[in-house]
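So the sequence shown is residues 114 to 469, counted in the numbering used here.
Using N, Cα and C, we set each Cβ at its ideal position, and we do this for glycine too.
This report refers to the structure that appears directly beneath it.
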Amino acid sequence: MTHRILAIPGDGIGAEVMPHVLRVLDALGMDLSVESGTLGGVAIEEHGTPLPTSTLDAAREADAVLLGAVGGPKWDNLPMDRRPEKGLLGLRAALDAFANLRPAMLFESLANASSLRPELVAGLDILIVRELTGGIYFGEPRGIESANGRRRGYNTDVYADGEIERIARVAFDLAGKRGGRLTSVDKANVLEVTQLWRDVVTEVHADFPNIELNHVYVDNAAMQLVRAPKQFDVIVTGNLFGDILSDAAAMLTGSLGMLPSASLNAKGQGIYEPVHGSAPDIAGRNVANPLATILSAAMMLRYSLGEETAADRIEAAVNAVLERGIRTADIMPADSDADVCQVGTDEMADAVIAAL
Ligand code: IPM
Ligand code: MG
């Protein structure tokens, strides 16, 4: 059966990396039909909107969406609802891709690229499950209003019990396939919406008696992540806390340039994108690390296309390349006599393809 993929390069290093990732997929020799779509800044330029209907329609038809990154300084001063990021949020919402899986796994050969001491991160393997289509990102009312020459900005953090329940089920389920431990992160000491979060997660726990559940406030979770990250197995949290904690967790693994993600809906369709952004400051210079997007393609093969073996092959190839000391700039060790060699975006992708 042909798998239908919508590839959306997007902006900045997203557009730079995507062709290399498609080369990697091509090298697998599988039956893939790849269509291309526009989103973000490039879509604003070409279609006057960050999320063209053509992209939306193609995404609904596809088995999976593979996405580079969106955004850039050129569009930062547009009104909020016309910015590139709005296109990404609109795509997530339109596909109902509520379950965002962000694994933070340390490749052994990168232990000395982490900002923490190697012994604190060796063997690190955390999965952050972030709710992606609700919470303060989407809550109404929202806005900036003016009255009497003064301005007031406001957003609404809101979760319905059903939204919490479905993400909790995904997280308990995944915990069952891993270390059997789930940490739910909230701010239930201050925010009612997260008191409900805690209550619902606790109720769902009744259906997963074999999973060990604990609740941690978000400030403490941030602290524990940089103090002793290996205490975590699966973390489940809302949209905003998940955004913040996943960047912190990513950095533990050496670089934001390493971390893939999957955003799944109830039908198994997914959006696969790196956790990093469009990095306009380094775009077009052949220095971006393509591994996060390559690893996102592996997650796509595993979670939406049921191609476990191909996913394993990509991950093994990435591991082999790192073992051989091949590094993009972001994962170069501080210690200059380490036996490694710095390469650009294209050479990194070439190395992965050779290792396949
Ligand atoms: C992420 C990004 C996005 C988010 C931005 C680009 C809208 O930071 O995927 O983590 O906040 O969700
Ligand atoms: Mg983020």
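Nearest-angstrom Cα separation, counted from G367 out to L233: To locate residue 233, count along the sequence shown from 1; it is residue 120. To locate residue 367, count along the sequence shown from 1; it is residue 254. Between L233 and G367, the alpha-carbon positions lie close to 12 Å from each other.
V130 versus H318: straight-line alpha-carbon distance, rounded: For the purposes of this step, residue 130 is taken as residue 17 along the sequence shown, with counting starting at 1. For the purposes of this step, residue 318 is taken as residue 205 along the sequence shown, with counting starting at 1. Roughly 41 Å separates the two Cα atoms.
Terminal residues of the beta strand (DSSP E) in which N213 lies: Taking the first residue of the sequence shown as 1, we reach residue 213 at position 100. Taken as a continuous stretch (DSSP letters only), the beta strand (DSSP E) holding N213 covers 212 to 218.
For the ligand IPM, residues whose Cβ lies under 5 Å from any non-hydrogen atom: This criterion selects E198, D356.
Nearest neighbour of G127, chosen from L208, L191, P373 [CA to CA]: By one-based count along the sequence shown, residue 127 stands at place 14. If we check each option's Cα against that of G127, P373 comes out closest.
Which listed residue (I427, L240, A172) has its alpha carbon closest to that of L204: As a position in the sequence shown, residue 204 is number 91, starting the count at 1. Checking every option, the nearest Cα to that of L204 belongs to A172.
Residues near M445 by beta carbon distance below 6 Å, same chain, minus five either side: Residue mapping note: residue 445 aligns to position 332 of the sequence shown, counting from 1. Contacts found: Q455.
Residues bridged to Y250 [DSSP beta-bridge criterion]: Position 137 of the sequence shown, counted from the start, is the residue given in the question as residue 250. Per DSSP, Y250 has no beta-bridge partner at all.
Spatially closest choice to R243 from N213, G266, T441, S259, by CA coordinates: If you number the sequence shown from 1, residue 243 lands on position 130. Selected option, being the one with the closest Cα: N213.
Whole-angstrom distance between G181 and V134, CA atom to CA atom: Residue 134 sits at position 21 when you count from the first residue of the sequence shown. Residue 181 sits at position 68 when you count from the first residue of the sequence shown. V134 and G181 have their alpha carbons spaced roughly 10 Å apart.
Check: D189 C-beta below 7 Å from any heavy atom of the ligand MG: By one-based count along the sequence shown, residue 189 stands at place 76. Judged by the Cβ position, D189 fails to qualify as a neighbour of the ligand MG at the 7 Å threshold, every heavy atom of the ligand being at least this far.
Residues bridged to L169 [DSSP beta-bridge criterion]: On the sequence shown, residue 169 is found 56 positions in, with the first residue counted as 1. For L169, no pairing in a beta bridge is given by DSSP.
Terminal residues of the beta strand (DSSP E) in which V271 lies: The residue you call residue 271 lines up with position 158 of the sequence shown. Neither: V271 is in no beta strand (DSSP E) and is coded neither H nor E.
Residue closest to D238, alpha-carbon to alpha-carbon, out of M143, P254, G247, A217: Taking the first residue of the sequence shown as position 1, residue 238 is located at position 125. The shortest Cα separation from D238 among M143, P254, G247, A217 belongs to A217.
D360 CB to nearest heavy atom of the ligand MG below 7 Å: Numbered from its first residue, the sequence shown carries residue 360 at position 247. The answer is yes for D360.
Coarse secondary structure for S359, derived from DSSP in three states: As a working note, residue 359 is residue 246 in the sequence shown. In the structure shown, S359 sits in a helix (DSSP, three-state: H, G or I).
For I126, the residue or residues it bridges with in DSSP: Position 13 of the sequence shown, counting from 1, holds the residue named residue 126. Residue pairing by DSSP leaves I126 without any beta bridge partner.
Reduced DSSP secondary structure (H/G/I, E/B, other) of Q455: As a working note, residue 455 is residue 342 in the sequence shown. Under the three-state reduction of DSSP output, Q455 falls in the strand class.
Option in V314, L287, G390, D170 with minimal Cα separation from N402: Locating residue 402 in the sequence shown gives position 289, where the first residue counts as 1. Among V314, L287, G390, D170, the Cα nearest to that of N402 belongs to G390.
Cβ neighbours of A226 in the same chain (closer than 6 Å, five flanking residues each side left out): Numbered from 1 along the sequence shown, position 113 holds the residue referred to as residue 226. Answer for A226: G367, I444, P446, listed in chain order.
Residues that V242 bridges to, as DSSP identifies them: Taking the sequence shown and counting its residues from 1, the one referred to as residue 242 is at position 129. Residue pairing for V242: DSSP places it in a beta bridge opposite L214, V349.
Host beta strand (DSSP E) of T438 (start-end): Position 325 of the sequence shown, counted from the start, is the residue given in the question as residue 438. First, the residue type needs correcting, since residue 438 is Gly and not Thr in the sequence shown. From DSSP, G438 is part of no beta strand (DSSP E); its letter is neither H nor E.
Among S149, D274, R279, the one whose alpha carbon lies nearest that of E305: Translated into the one-based positions of the sequence shown, residue 305 becomes position 192. The shortest Cα separation from E305 among S149, D274, R279 belongs to D274.
Burial state of M371, where buried means 16 or more other Cβ atoms lie within 10 Å: Against the sequence shown, residue 371 aligns to sequence position 258. Flag for M371 reads buried.
Nearest residue (CA-CA) to G236, options L245, T246, F220, L229: As a position in the sequence shown, residue 236 is number 123, starting the count at 1. In terms of Cα proximity to G236, the closest of L245, T246, F220, L229 is F220.
Burial state of I384 (16 or more Cβ within 10 Å): Here residue 384 refers to the residue found at position 271 of the sequence shown. With 16 or more neighbouring CB atoms inside 10 Å of its own CB, I384 falls in the buried class.
Candidates G252, G200, A405: closest to M364 by CA position: Position 251 of the sequence shown, counting from 1, holds the residue named residue 364. Minimum Cα distance to M364 is reached at A405.
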